Every structure is written in structure tokens, then in C-alpha cells.
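For reference, the structure discussed in these notes is given below.
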Amino acid sequence: MLTPAPSATKPDPQDLLAWYDRHRRDLPWRAKPGVTADPYRVWLSEIMLQQTTVTAVRPYYLNFLERFPTVEALAEAPSDAVMQAWAGLGYYSRARNLHACAKAVVEKHGGLFPGTEAELLKLPGIGAYTAAAVAAIAFDQKAAAVDGNVERVMSRIFMVEEALPKAKPLIRSLTEELVPADRPGDFAQAVMDLGATICTPKRPACALCPWMVPCRARAEGLQETFPKKQKKETGQLRKGAAFVVLRADDTILLRTRPPQGLLGGMAEPPTSTWEPDYQPSRAVLDAPIEARWQRLPGTVKHVFTHFPLELTVLFAKVAKGTPAPEDMRWTPRLQLHEEALPGAMKKVLVHALGEIPGGKAKASAKD
DNA sequence: AATCCGTGGTG
DNA sequence: TCACCAAGGAT
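Using the working numbering, the letters of the first sequence correspond one by one to residues 159 to 525.
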């Protein structure tokens with residue numbers, strides 16, 4: 159051979175499992191060592207953890223478990239209660255699918271989650287990753303759960319030059335070959351713990367890594383350049399107006415967004431359309447109700463996945479008995495915290511009314 | 001296959 | 001400030 163192989167050593171799953179036994183994170187949805195996990199809790203946590211940090215999920219998970227202790231309880235709950243409990247966590251289609259999935263498990267599977275990847279995959283809100291994760295963690299199936307952590311770890315270990323997402327099939331097959339037959343669930347959680355605590359996106363702690371020796375990227379000093387990714391551009395700023403109406407009986411005008419699309423099924427004060435060239439000076443023309451509108455100083459800014467939003471807030475007081483326009487309703491100000499209000503809309507209400515009693519949105523007045 | 005979906009933390 | 005990212009799925 160004229161050129162030496164980068165590394166002939168293969169990563170040993172047992173080395174990772176030994177590391178996991180000493181350094182595993184203690185998480186509320188994670189069963190104690192040697193104990194088989196409850197499928198309902200594993201599934202619930204996996205849905206919440208999709209594209210969401212452990213820190214953000216923890217309080218929501220505990221609250222959900224208290225309000226909906228079993229899959230039956232969740233299936234029987236009204237949709238409003240589920241959406242309200244999810245409000246603030248983001249990606250609200252997850253909440254709708256979560257509810258639909260609970261109903262399907264009760265109606266089609268007698269209240270017991272199916273134990274194979276293929277059957278799990280048929281349920282709403284469960285894709286390739288979650289099916290494998292639940293199968294491995296809750297049912298000891300030899301399944302490869304490939305999430306963002308695993309993609310990062312594998313792309314570094316094997317120095318995958320192809321960019322994501324094109325590299326997904328290759329990374330999946332590389333992962334499948336490493337899943338051990340004896341502890342597939344622990345292996346899945348071990349790779350994710352490694353990615354979350356050692357093999358981090360920036361400044362990975364390679365010196366502490368159980369797979370430092372076989373890691374090809376580390377051998378080249380190029381670990382931080384993996385995984386390669388396609389760039390995506392940030393969206394254009396959209397502007398609009400939000401209308402906060404306070405009726406004399408201390409109620410606020412709200413509506414529910416359509417079930418599909420952005421913030422689907424969530425509550426909000428009425429707003430104009432959101433467009434790049436929206437003129438706030440003409441916002442009163444879009445008002446849902448006739449009133450003496452007061453344009454509040456400053457704006458509310460919010461960043462969605464694919465575009466930033468800037469809302470001008472208009473405020474009005476109206477007389478008791480004023481009827482709500484079509485498809486809108488009056489909610490007592492003291493019950494706003496029971497509404498399924500996404501973060502952006504909480505910011506709007508806080509901007510106009512001050513802190514929401516029992517709410518937990520942060521104020522954000524600018525300009 | 002590429003786009004659409006929230007939010008909060010971080011360097 | 002800002003780009004990046006976090007236990008992805010549906011269409």
C-alpha cells in the first residue's frame with residue numbers, strides 16, 4: 159500500500175456501553191438501569207424531544223404525565239386540553255399527531271403500543287427515528303435510531319464526506335452495523351448521550367470519548383468540520399399587525415387558527431396578513447372590529463423556523479356586550495393562561511396587557 | 001426531494 | 001447580533 163489507511167480500528171459498541179454505564183444522564187423518562195421502560199413514557203418523551211432540547215422538554219413531560227398518566231387518559235382527553243398542555247413547546251402538529259396516535263393505540267391495539275418498528279411506523283407522528291427509538295428502548299428490538307446526534311457521531315467516526323441530508327442512507331447503514339443484539343436500547347441512548355455531552359457540534363471533548371481511538375475525523379484533527387451540511391437560507395422578514403381588544407367585562411378577543419399550517423389549531427388575537435411590504439400605518443383598515451384603535455409604541459418580534467416576523471400591536475377598549483365577530487370569541491383576561499397560545503402570541507398579549515396571570519411568556523418590547 | 005413546521009439556548 | 005442547532009415528521 160502506498161497510502162496508509164486512516165484507521166483500521168473499528169468502533170466497538172461495548173466500549174460505548176461501558177462508558178454509558180458510568181456516565182448516562184439521569185432523565186425523568188429514562189428507566190433505571192436494568193429496568194425495562196414504559197412504552198407510553200418512552201413514546202411521549204420521544205415525540206416531545208423531536209427537534210427540542212432536554213431542558214425545554216423536562217417540565218412539559220412531567221406536566222403531561224401528571225395530566226395524562228396513561229395512553230388511555232390521553233386518548234380520552236379533549237383536544238383543547240392537549241393543545242393547551244403543549245402550548246409553548248412548538249411544532250404543534252406534533253401535539254395533534256400525539257393525540258391521534260394515543261387514540262389509535264387505544265382503538266386499534268387495545269391500549270398497548272405495538273412492539274415492532276414496522277407497526278410503530280404506521281402510527282401518526284411516528285417516523286423512522288421515533289419508530290426505531292421506541293422499538294429499541296421500550297421493546298429491546300435491534301433497531302437503529304438515527305437522530306441528529308447519531309448523524310454527527312457517525313459522520314465523524316467514519317469521516318462521511320457526503321453532505322446531509324443526502325448522507326442519511328449511508329449513515330443509517332453505518333449505524334445499523336453497530337447496533338448490538340444484547341442491549342439495543344441502551345446503545346441508542348448511549349450514542350445520543352455521547353452526542354449531547356461529548357461529541358458536541360462545537361468543541362467536542364474528544365479526550366473523554368470512548369470512541370476516540372477509532373474516530374477517523376479525530377485522527378485527522380477535522381472533527382469539528384463534520385457533519386458536512388447543505389446550507390439553507392434564512393427567510394425574508396414579514397410584517398403585520400395584531401389586534402388586542404379589551405372588552406369592559408375584562409375579556410379579550412381571540413380566535414383559533416386553522417388546523418393545518420403555521421401554528422395550526424392554536425389560539426391568537428386576530429392579526430392582519432403577514433407580508434414583507436406590510437404598512438403598519440394602514441393597519442387599522444385590517445381591524446376585526448370597529449373601535450378607537452391605539453397603536454402601541456414598539457413592535458413584537460418573533461423568529462419562526464423559516465422566517466422572522468415583526469408585529470405592530472393595536473389596542474382598543476370596547477363596551478360591555480360588544481359581540482365577537484364571526485369565528486372569534488371573548489376569553490376572560492384571567493383565563494388567558496388556559497388558552498393554547500403559542501410564544502409569538504403570548505408576546506403580543508404581554509406587549510398590550512402586561513404579564514399574563516399564570517402565563518410564562520417573556521416580555522419583548524423593542525424600539 | 002424540498003419545503004414547511006416553534007422555540008430557546010449558545011458561541 | 002446572529003447563525004446554528006436540538007432525541008424529526010408530513011407532504
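From the three backbone atoms N, C-alpha and C, an ideal C-beta is built for every residue, glycine too.
Computed from a predicted model, the values in this text were never measured in an experiment.
- Residue pairing of K397 in beta bridges, as defined by DSSP: E433 and E468.
- Exclusion of the five residues before and after I447 leaves F401, V403, L411, A474, V476, T480 and P483 as the residues of its chain whose Cβ lies within less than 8 Å of its Cβ.
- Going by C-alpha positions, A239 is about 44 Å away from V318.
- As the crow flies, the alpha-carbon of L511 is around 16 Å from that of E497.
- Three or more beta-carbon pairs separated by less than 8 Å link the stretch 342-359 to the stretch 294-311, which places the two stretches in contact.
- Taking a C-beta distance under 8 Å as the contact criterion, A301 and Q388 do not qualify as a contact pair.
- Taking C-alpha positions only, G501 is separated from N221 by approximately 18 Å.
- Apart from sequence neighbours up to five positions away, the residues of its chain that approach V264 with a beta-carbon distance below 7 Å are V229, E230 and A233, ordered along the chain.
- Beta-bridge partners of H460 (DSSP): L467.
- A348 and A354 have their C-alpha atoms spaced approximately 10 Å apart.
- E426 is classed as buried because its beta carbon has at least 16 other beta carbons within 10 Å across all chains shown.
- Residue pairing of I410 in beta bridges, as defined by DSSP: L404 and T489.
- Scanning its chain for C-beta atoms nearer than 8 Å, with the 5 sequence neighbours on each side dropped, one finds around K261 the residues A233, in chain order.
- Beta-bridge partners of E426 (DSSP): R413.
- Out of Q172, E378, F226 and R396, the CA that lies nearest to the CA of K459 is found in R396.
- The Cβ-Cβ distance between L469 and T431 does not fall below 8 Å.
- Within 10 angstroms of the beta-carbon of R450 lie fewer than 16 other beta-carbons, which makes it exposed.
- Pairing P385 with H509, the inter-Cα distance amounts to about 41 Å.
- DSSP places H181 in the uninterrupted alpha helix (DSSP H) bounded by P171 to H181.
- P455 has its alpha-carbon roughly 44 Å from the corresponding atom of P282.
- The stretch 199-218 makes contact with the stretch 272-289; the number of CB pairs closer than 8 Å reaches 3 or more.
- About 5 Å separates the beta carbons of L336 and P171, which is inside the 8 Å limit, making them a contact pair.
- The beta-carbon separation of D305 and M350, rounded to 6 Å, stays under the 8 Å limit for a contact.
- Straight-line measurement puts the Cα of L380 at about 9 Å from the Cα of R374.
- Residue environment for A365: exposed (fewer than 16 other C-beta atoms within 10 angstroms of its C-beta).
- Nearest to N307 by C-alpha distance, out of T333, R487, K324 and I284, is T333.
- Judged by DSSP in its simplified three-state form, V476 adopts strand.
- Secondary-structure assignment with DSSP links K387 through a beta bridge to L322.
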